[in-house]
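Q: One structure is given below, represented as structure tokens, and several questions about it will come after.
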Amino acid sequence: MGILHAFTLPSVPKENKQKLKKVVLEENWKRTKLFAIIILIFEAILIVRQLPGGIDLYVGLYLGLFSAAAIYLLCIYIMGKKKIPTGYRMFMVHFFVFLFLAWGTMVTLLDQLHYGHVMAFVVNYMCVSTLFLANGKHYLLFALPNVIFLYVGLPFYQQSASMLSGHYTNLTVFIFFCWLASQLLYKGFAVNFYNKLLLTEMNGELEAQIAQNEVMNEQLKKQAMLDELTGVPNRRGFQDYINSAITAESKRRLSLLLLDVDAFKSYNDHYGHLRGDEVLRLVAQSIYQTTMIPTAGWARYGGEEFVLAVFDQPSEKLDELAEAIRLAVQELRIDHAFSPVADRVTVSIGIYSAAISDGMQLSYFIGQADEALYEAKRSGRNTVIKREELSESFA
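This is how it looks when you write it as structure tokens:
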């Protein structure tokens with residue numbers, strides 16, 4: 010099992026196998042291109058060295074391989090200009106490798122008549138096995154025919170039985186180890202590619218999860234700044250709005266309107282908390298529909314209190330806005346038989362307006378608006394009381 014595992018690729022989806030096939034092709038395309046250039050150089054040197062002795066079969070073989078390499082490079086150049094299907098490109102690569110091995114086989118057979126060695130085939134076979142990436146199936150397609158041709162042809166060219174026996178033994182051992190090295194190299198390349206794919210997929214999933222978490226965190230952050238009952242901002246959301254609206258470079262005029270539902274405890278005691286909650290939701294909607302100023306932010310400040318922040322508005326505009334809110338709540342016509350003010354739900358409003366340059370000053374504004382609200386309640390409720398600081402200082 011351990012030996013088989015060394016040649017077995019991990020189980021992967023079909024689409025990943027197709028990706029590996031394309032990557033292997035591109036890698037072989039680059040390697041055989043460089044290999045063809047090297048062949049041109051070496052064969053040119055051999056041809057120049059052999060020509061003084063006359064043209065013989067060796068020169069013909071050198072010229073043949075030189076021409077094959079030149080034609081292959083030309084095909085690569087032409088195919089590079091056009092979009093050639095993967096199958097044709099793969100055939101070109103395999104055919105060139107096959108020709109290279111076939112050339113080594115023919116030279117080796119010819120060498121038996123002169124030198125008796127198998128160096129040409131050994132060098133070519135080793136180059137192909139270590140430089141060219143091929144799985145077991147493709148490896149057999151271009152290697153096995155040449156091995157068979159060599160084994161069958163050797164007895165016709167080598168007459169020495171002892172040398173022939175040595176060739177078969179040495180070639181068999183050499184071919185086996187070259188095949189072994191080839192498959193290990195291919196598996197290493199494939200496993201490395203699959204691991205990179207897996208890592209890329211994991212990184213993509215991680216990035217997607219991080220993005221999803223960021224969205225969820227943003228949603229949770231927004232929810233944390235909203236009042237659960239009315240759906241409007243809470244104190245935290247209101248403070249965040251004030252901080253974002255105030256810049257350190259310049260002062261702005263902030264007007265706070267603090268609203269309180271009149272006799273809300275009596276309403277809850279007699280009508281029940283469910284109807285009391287509905288009143289708060291209706292009051293919140295009324296404030297939202299009435300407040301159409303772009304520089305305004307508002308929130309449920311606690312219990313039956315709401316706060317409205319208005320920036321850079323003139324005093325008369327504040328009076329109009331506060332009165333519009335008071336009348337809008339009153340026009341909801343929500344029965345309140347236990348109110349000391351009216352027979353319907355009403356609100357009292359306290360306003361404080363002054364210059365502000367720091368969000369830390371908000372608590373002072375709230376305190377001043379609360380005092381104005383308290384004064385409005387003492388004045389009989391269902392009314393508006395305003396305090397203003399006309400100077401640049403808020404204190």
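Quick note: the sequence shown uses this note's numbering, first residue 10, plus one each step.
Using N, Cα and C, we set each Cβ at its ideal position, and we do this for glycine too.
#1: Considering Cα atoms alone, identify which of 365, 278, 319 is closest to residue 346.
#2: In terms of alpha-carbon separation, which member of 168, 270, 392 lies closest to residue 119?
#3: Buried or exposed: residue 402, going by 16 or more other Cβ atoms within 10 Å of its Cβ?
#4: Quick one: is residue 376 buried, meaning 16 or more other Cβ sit within 10 Å of its Cβ, or exposed?
#5: Helix, strand or coil for residue 120 per DSSP?
#6: Given residue 156, which residues of its chain have a CB within under 7 Å of its CB, disregarding the five upstream and five downstream residues?
#7: From the DSSP output, in three-state form, read off residue 213 for me.
#8: So, are the CB atoms of residue 363 and residue 325 less than 8 Å apart?
#9: Out of curiosity, what's the CA-to-CA distance linking residue 292 and residue 338?
#10: Enumerate in chain order the residues of its own chain whose CB-to-CB distance from residue 314 is below 6 Å, with the five nearest sequence positions on each side excluded.
#11: Going straight from the alpha carbon of residue 299 to that of residue 239, what length do you get?
#12: Between 351, 373, 369, 381, which lies nearest to residue 360 when the distance is taken from Cα to Cα?
#13: Assuming contact is defined by CB atoms lying nearer than 8 Å, are residue 343 and residue 266 in contact in what I supplied?
#14: From 147, 76, 134, pick the residue whose C-alpha is nearest to that of residue 159; which is it?
#15: If I measure Cβ to Cβ from residue 102 and keep anything under 6 Å in the same chain, skipping five residues before and after, which residues do I get?
#16: Starting from residue 40 and walking both ways along the alpha helix (DSSP H), at which residues does that stretch end?
#17: For the beta strand (DSSP E) holding residue 264, just list the boundary residues, first then last.
#18: Using only alpha-carbon positions, find the residue among 218, 264, 170, 68 that is nearest to residue 379.
#19: Tell me residue 317's beta-bridge partners as DSSP assigns them.
#20: Go to residue 162, then tell me how far its alpha helix (DSSP H) extends in each direction, as first and last residue.
#21: Excluding the 5 residues preceding and the 5 following residue 371 in the sequence, name in chain order all residues of the same chain whose CB lies nearer than 6 Å to its CB.
#22: I need the straight-line Cα distance from residue 63 to residue 123, nearest angstrom please.
#23: Rounded to whole angstroms, what's the CA-CA distance from residue 390 to residue 254? Just pull it up for me.
#24: Given a cut-off of 8 Å on the beta-carbon distance, is the pair residue 309 and residue 236 in contact?
A: Answer, in terms of the structure:
#1: 278
#2: 168
#3: Residue confidence for residue 402 is low, a pLDDT of 47 falling below 50, so the modelled location carries little weight; the figure read from the coordinates is stated next. By the 10 Å Cβ count, residue 402 comes out exposed.
#4: exposed
#5: helix
#6: 184
#7: helix
#8: no
#9: 6 Å
#10: 269
#11: 16 Å
#12: 381
#13: no
#14: 134
#15: 37, 41
#16: 23 to 59
#17: 261 to 270
#18: 264
#19: 266, 307
#20: 145 to 166
#21: 251
#22: 17 Å
#23: 31 Å
#24: yes
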